[in-house]
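In this note's numbering, the protein residues as written are 589 to 867.
Accompanying notes for the structure given below.
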Amino acid sequence: MDTIRLDGRLLANQIQARLKEEIRYLSHPPHLAVVYIGDNPASTLYITMKTKAAESVGIRTTIQKLPEHASTEEIVRFIQILNADPSIDGILVQLPLPKHIDTNAVIESILPSKDADGLTSKNQGGLMTGHPTILPCTPLGCLRLIQQVRTDLTGLNAVVVGRSRLVGRPMAQLLLNENCTVAQAHSKTQNLAEICSRADILVSATGVQGLIKRPFIKEGAIVIDVGISKTEDGRIAGDVDASSVMGQAGWLTPVPGGVGPMTVAMLMANMVNIVKHEF
Ligand code: NDP
């Protein structure tokens, strides 16, 4: 069988074109504050991608930069100011934070109604309990890609590799909410290949380059590669060894050009929903 490329860039462009139209009719253009601590080249790149996309759809962005040595308390105090600022609709803290920072404390300091990335306990709890909530951008982007292939996921076996707060856990919950039978794998999982090979939908979010190879793939599976890592020669690569799974997977997201653009598009969608109070 031929493996079909699930093009995240194409879908993200379509979504952003719809959002641009919608934003024209909002009470005001959404305003996103991006909190950026330190000077991580990958974070700089991601922030540039997000602000460019925001500008192109009519979302205002302000980058709030704090030095690498800022303490957890200083960042929290800064976020509290943004929480209280009525001109700001959404707040995004660019992750990862420097090692000395308590990331959970920083995330929890964001007002849940301004939590553009859907990462606070209140929003993640809403996802678990089925309440309308702001959903995390990367897993939501993955779900939208999967739904390009099949709208009804009821009864499908899904395996999520990775269990982070940012990607793995909310991804598994989203698939469970879509009536999939979900297994969650992680670094301590035994027989990973065998578990993955039962998946109709396989989402890998580990950052371990080439972890997912042909024996991990059920014939015709939908394979979503969230991972981002750098090869020795400086190229961006995913968790999936793409050449080895070709002809076995039914669908595969490329890296780059798969989940990344969809993460950005879902951030834009969250900002529109925040202004519309639709969550
Ligand atoms: P984390 O490092 O927080 O989590 C990685 C997860 O992978 C952990 O749960 C870990 O298990 C698991 N893991 C690590 N090694 C293995 C292994 N050998 N076998 C099975 N599981 C393993 O990363 P994130 O969740 O934040 O991100 C995951 C990847 O996705 C990264 O490459 C990141 O860059 C990328 N990413 C991409 C985005 C995009 O827009 N495309 C957005 C966000 C992230 P354990 O819990 O046991 O340690």
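Using N, Cα and C, we set each Cβ at its ideal position, and we do this for glycine too.
Fill in: Residue(s) in a DSSP beta bridge with ASP690
Answer by DSSP bridge pairing: none, since ASP690 is not bridged.
Practice prompt. Might you give, ordered along the chain, the residues of its own chain that have their beta carbon closer than 6 angstroms to the beta carbon of THR660, omitting 5 neighbours on each side?
Written response: ILE689, ASP690 and ALA693
Fill in: Entirely enclosed alpha helix (DSSP H) segments - the segment 698–766, minimum 4 residues
709–717, 725–737 and 756–765
Discussion item. Taking the alpha carbon of PRO727 as the reference point, which residue from ILE651, VAL749 and VAL645 has its own alpha carbon closest?
Written reply: VAL749
Worksheet item: According to the Cβ coordinates, are LYS638 and ILE676 closer than 8 angstroms?
Response: No, the pair does not count as a contact, with Cβ atoms beyond the cut-off.
Worksheet item: For CYS768 versus VAL847, is the C-beta distance shorter than 8 angstroms?
Response: no
Discussion item. For the ligand NDP, is there any heavy atom lying closer than 7 angstroms to the beta carbon of GLY713?
Written reply: no
Worksheet item: By a C-beta neighbour count over all protein chains shown, 10 Å radius and 16 as the cutoff for buried, is ARG757 buried or exposed?
Response: Result: buried.
Worksheet item: Roughly how many angstroms separate the alpha carbons of ILE695 and ASP590, rounded to a whole number?
Response: 42 angstroms
Item to complete: Within 10 angstroms of the Cβ of GLY678, are there 16 or more other Cβ atoms? Answer buried if so, exposed if not.
Response: buried
Worksheet entry | Residue of VAL747, ILE862, PRO700 and MET716 minimising C-alpha distance to ILE805 | Considering only alpha carbons, the answer is VAL747.
Worksheet item: CA-CA distance, ASP595 and PRO844?
Response: 10 angstroms
Practice prompt. Give me the Cα-Cα distance between VAL770 and CYS725, rounded to the nearest whole angstrom.
Written response: 20 angstroms
Worksheet item: If you measure from the CB of GLY848, is any heavy atom of the ligand FAD nearer than 7 angstroms?
Response: Although the ligand FAD was asked about, the structure shown includes only the ligand NDP as ligands.
Discussion item. Please return the same chain residues whose Cβ sits closer than 8 angstroms to the Cβ of GLU662, not counting the five positions on each side in sequence.
Written reply: LEU654
Worksheet item: Within the present structure, is the beta-carbon of GLY815 separated from the nearest heavy atom of the ligand NDP by less than 7 angstroms?
Response: yes
Practice prompt. Using the Cα positions of VAL828 and LEU598, report the straight-line distance between them to the nearest angstrom.
Written response: Distance between the alpha carbons of VAL828 and LEU598: 21 angstroms.
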